[in-house]
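Protein chains in written order, with the working numbering: chain Z, 5 to 180; chain B, 5 to 180.
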């Protein structure tokens, strides 16, 4: 079974972007580059919702050579750029198949709506956050309301440069 | 000037209690006792809003010997228990006076609504969180929406027992 990790850099109050989608407040450092590179070396597949895609698109091309990228949308009619695969069918069934198949780890990009669906379907294995030293006040939340709590196990935490706190959790599945 | 610290234990998705007010999911340990004791040894005054008071009250008496406790409410007509001071006037002016006076540090209890008012008035100096390894899904949020971002400086972080992450921040005041 492949590992599906949901995560993002977020403000201490849990936002991943301003309401406008802007992420100009994110703090970059060699630590962030190192942590991101180590993570992405284990990944070959990237998932995101349509809104997250569009925010990413404003920053440049989203498709990255070496990764298979899927964008989930019921409103888009065709893949919005070369190298991006549009998935219009049910995200839960698609990700369940993907996760059960062969391949490296799967990165679910922040955005929250797709993640809430996949958390509810118990298809997320890990959660990673890079908590920025900032209260953004309002914006796009990393986590959406969910009907049931999800227990986590901390597997790694590290203080990064510029006051960022990195933490990675494993989703506990008490029944298993 | 006395230091006003806002903080609480919270889930990774930023809740300090279930919607019912229940905090049965909080993880306790010797680390938590040590961190709390170290912090409370620097404090002599505790502030909270009426809702937070009522949640605390269900767990027992809120007033603690050795601390001056203030509960802010426009609806309560008298102090609800011995040792608790009811403040019905404007919280901002009251806390500004308190902060400018003599005394040890001031602890602002989680609950969010009073904190949002005091953040807006620039009366909070530090933020402390003990992030529990859990997505609660819904409940009482630690941070409420605010109109302006608040920049923080990480001054301490530590991994506590049972997968909790403790972090303390100083509020940056760029103009000063």
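By construction, the Cβ of each residue, glycine as well, lies at the ideal position given by its N, Cα and C atoms. Computed from a predicted model, the values in this text were never measured in an experiment.
Taking each of Z/81, Z/136 and Z/138 in turn and checking the Cα distance to residue 93 of chain Z, the smallest one comes out for Z/81. Note on the stretch 108-158 of chain B: whole alpha helix (DSSP H) runs with a minimum of 4 residues are 117-124, in chain order. Annotation for residue 166 of chain Z: 31 and 33 place their beta carbon closer than 7 angstroms to its own, counting only its chain and skipping 5 residues before and after.
Contacts with chain Z (Cβ-Cβ distance below 8 angstroms) from the stretch 137-157 of chain B involve 137, 138, 139, 140, 141, 142, 146, 147, 149, 150, 151, 152, 153, 154, 155, 156 and 157, listed in chain order.
By DSSP's assignment, residue 52 of chain B forms a beta bridge with B/75. Residue pairing for residue 26 of chain B: DSSP places it in no beta bridge. Going by C-alpha positions, residue 152 of chain Z is about 20 angstroms away from residue 112 of chain Z.
Where residue 104 of chain B is concerned, the enclosing alpha helix (DSSP H) starts and stops at 95-104. Excluding its 5 nearest sequence neighbours in each direction, residue 66 of chain Z has C-beta neighbours in its own chain below 7 angstroms: 57, 60, 73, 85 and 88, listed in chain order. The beta-carbon distance between residue 159 of chain Z and residue 175 of chain Z, rounded to whole angstroms, is 11 angstroms. This is too long to meet the 8 angstroms contact definition. Close to residue 17 of chain Z, with beta-carbon spacing below 7 angstroms, are these residues of chain B in chain order: 18 and 147. Residue 130 of chain Z and residue 68 of chain Z have their C-alpha atoms roughly 22 angstroms apart.
For residue 19 of chain B, DSSP records a beta bridge to B/145. Three or more Cβ pairs drawn from the stretch 134-146 of chain Z and the stretch 15-23 of chain Z lie within less than 8 angstroms of each other, which places the two stretches in contact. Minimum Cα-Cα distance from residue 119 of chain Z among the listed residues Z/77, Z/134 and Z/148 corresponds to Z/148. For residue 121 of chain B, no CB of chain Z lies under 8 angstroms from its own CB, so it is not counted at the interface with that chain. The Cβ atoms of residue 172 of chain B and residue 132 of chain B sit closer than 8 angstroms to each other. In the structure shown, residue 13 of chain Z adopts extended strand secondary structure according to DSSP, grouped into three states.
For residue 63 of chain Z, no beta strand (DSSP E) run applies, since DSSP gives it neither H nor E. In the DSSP assignment, residue 90 of chain Z falls within the unbroken beta strand (DSSP E) covering 88-91. Taken through DSSP and simplified to helix, strand or coil, residue 58 of chain B comes out as helix.
Contacts between residue 29 of chain Z and chain B, judged by CB atoms closer than 8 angstroms, involve 153 in chain order. Of all residues in the stretch 165-178 of chain B, the ones placed with a Cβ closer than 8 angstroms to any Cβ belonging to chain Z are 167, 168, 169, 171 and 173, in chain order. When only Cα atoms are considered, residue 70 of chain B and residue 157 of chain B end up about 30 angstroms apart. When only Cα atoms are considered, residue 24 of chain B and residue 150 of chain Z end up about 15 angstroms apart. DSSP lists Z/171 as the bridge partner or partners of residue 161 of chain Z. Residues of chain Z whose Cβ lies closer than 7 angstroms to the Cβ of residue 161 of chain B are, in chain order, 163 and 169.
Annotation for residue 80 of chain B: no alpha helix (DSSP H) segment contains it, and DSSP assigns it neither H nor E.
Comparing alpha-carbon positions, the option among Z/12, Z/22, Z/145 and Z/163 lying closest to residue 43 of chain Z turns out to be Z/12. The C-alpha of residue 107 of chain Z lies about 8 angstroms from the C-alpha of residue 49 of chain Z. Taking C-beta atoms as the reference points, residue 117 of chain Z and residue 53 of chain Z count as a pair closer than 8 angstroms. For the pair residue 121 of chain Z and residue 96 of chain Z, the CB atoms are nearer than the 8 angstroms cut-off. In this structure, the CA atom of residue 40 of chain B is about 41 angstroms from the CA atom of residue 5 of chain Z. The C-beta separation of residue 8 of chain Z from residue 134 of chain Z comes to about 18 angstroms, leaving the pair out of contact by the 8 angstroms criterion. For residue 91 of chain B and residue 20 of chain B, the gap between their C-alpha atoms comes out near 23 angstroms.
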